[in-house]
Amino acid sequence: MITTGRLTAAGVAIATIAAATLVLATEGAVAQGLCEQLWVERNSIYKARGYCFKTQRAIAYFGNAGCVYDVEAMVPLMPGERARVNQIQAMERQNGCR
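Note that the sequence shown covers residues -25 to -1, 1 to 73 in mature numbering (1 follows the signal peptide of the UniProt record, and there is no 0).
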């Protein structure tokens, strides 16, 4: 095969697709890590205030020892904590977190 040092249109297209795929995969991994951090921070606030978790994921991570409140809305959060939870939830929505 003889190369001329030039990229063909097909070669450029393949390189562009590969680069875009890498960027999307990297962004997905970053978003997943961010979602995990947000989830932990938000639920740490609830754990500290006595919330009884319902999902297996949260129970496995935080446990329910010492929990008092079964209803999330009944957890007595300080105004700053409530504001942070609201901010985290907005960030979770913005980043497509589940």
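Glycine residues also receive a C-beta, built at the ideal position from the N, C-alpha and C atoms.
Mind checking which residues open and close the alpha helix (DSSP H) that includes residue i?
| i | result |
| --- | --- |
| Tyr36 | 31 to 37 |
| Ala65 | 54 to 69 |
Quick one, which of the options has its alpha-carbon nearest residue i's?
| i | options | result |
| --- | --- | --- |
| Lys29 | Asp45, Ile20, Arg17, Ala40 | Asp45 |
Give every residue of the same chain whose Cβ lies closer than 7 angstroms to the Cβ of residue i, excluding the five residues on either side of it in the sequence, and list them in chain order.
| i | result |
| --- | --- |
| Leu9 | Asn70 |
| Glu16 | Ile63 |
| Asn18 | Ala33, Phe37 |
Suppose contacts are defined by Cβ-Cβ distances below 8 angstroms. Is residue i in contact with residue j by that definition?
| i | j | result |
| --- | --- | --- |
| Met53 | Leu13 | no |
| Val60 | Ile34 | no |
| Glu56 | Tyr26 | no |
Suppose the cutoff is 8 angstroms on Cβ atoms and the five residues either side in sequence are ignored; what does the same chain contact list for residue i look like?
| i | result |
| --- | --- |
| Val50 | Tyr21, Arg24, Gly25, Tyr26, Tyr44 |
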